[in-house]
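**Student:** Below is a structure I'd like to ask you about.
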Amino acid sequence: MAEVIKRETSVRCPMTTEDVRNINNLCETLIEAITSGSAGWDSVFAKQTAEDMKDVISDLKVDMRDWGDKNAVVMHEDGFCDPVNGDKNA
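Converting from the sequence shown to our numbering requires adding 7 to each position, the first position being numbered 1.
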């Protein structure tokens, strides 16, 4: 019987557009590593687990991109951040 593992997390703010891009690239690297690392495995269970891991990372990548499109801030050379779409509450 398969056991379901649930994990809930949150995004630590402020996250810059560069942070989101870096996380997105990291997710892509992890997906590629899982794909190449699991190629040739004989175990169906291990292959399915690797595919599940790729699905989770793909979902994270999409969620981070969507969150970043709405919420990421731009870091200026002076170290201050401005919201990408303007913060009406600032």
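The beta carbon of each residue, even a glycine, is placed where N, CA and C say it ideally should be. Note that the structure is predicted; figures quoted are calculated from it, not measured.
Three-state secondary structure (DSSP) at residue 80?
**Tutor:** Position 73 of the sequence shown, counting from 1, holds the residue named residue 80. The answer is strand: DSSP assigns residue 80 an E or B state.
**Student:** So, for residue 57: in the same chain, excluding its five sequence neighbours on each side, which residues have a beta-carbon less than 7 Å away from its beta-carbon?
**Tutor:** For this step, residue 57 is matched to residue 50 along the sequence shown. Here the set comprises 41, 45.
**Student:** Output the distance between the C-alpha atoms of residue 76 and residue 61, rounded to the nearest integer angstrom.
**Tutor:** Taking the first residue of the sequence shown as position 1, residue 76 is located at position 69. Taking the first residue of the sequence shown as position 1, residue 61 is located at position 54. In a straight line, the C-alpha of residue 76 is about 22 Å away from that of residue 61.
**Student:** If distances are taken between C-alpha atoms only, which option among 81, 13, 72, 85 comes closest to residue 35?
**Tutor:** Taking the sequence shown and counting its residues from 1, one reaches residue 35 at position 28. For the residues 81, 13, 72, 85, the minimum Cα distance to residue 35 belongs to 72.
**Student:** Which residues does DSSP list as the beta-bridge partners of residue 36?
**Tutor:** If you number the sequence shown from 1, residue 36 lands on position 29. Partner(s): none; residue 36 has no beta bridge.
**Student:** Round the Cβ separation of residue 24 and residue 81 to the nearest angstrom and send it over; I've been treating them as touching at under 8 Å.
**Tutor:** For the purposes of this step, residue 24 is taken as the residue at position 17 of the sequence shown. For the purposes of this step, residue 81 is taken as the residue at position 74 of the sequence shown. With 8 Å as the limit, residue 24 and residue 81 qualify as a contact, their Cβ atoms being about 6 Å apart.
**Student:** How is residue 66 classed by DSSP in three states: helix, strand or coil?
**Tutor:** Position 59 of the sequence shown, counted from the first residue, corresponds to residue 66. Helix at residue 66.
**Student:** Between residue 68 and the ligand ATP, is there a pair consisting of the residue's CB and a ligand heavy atom that are separated by less than 6 Å?
**Tutor:** Questions concerning the ligand ATP fall outside what the structure shown contains, since it holds no ligand whatsoever.
**Student:** Using the rule of at least 16 other Cβ atoms within 10 Å of the residue's Cβ for burial, across every protein chain shown, is residue 79 buried or exposed?
**Tutor:** What you label residue 79 is simply residue 72 of the sequence shown in a count that begins at 1. Buried.
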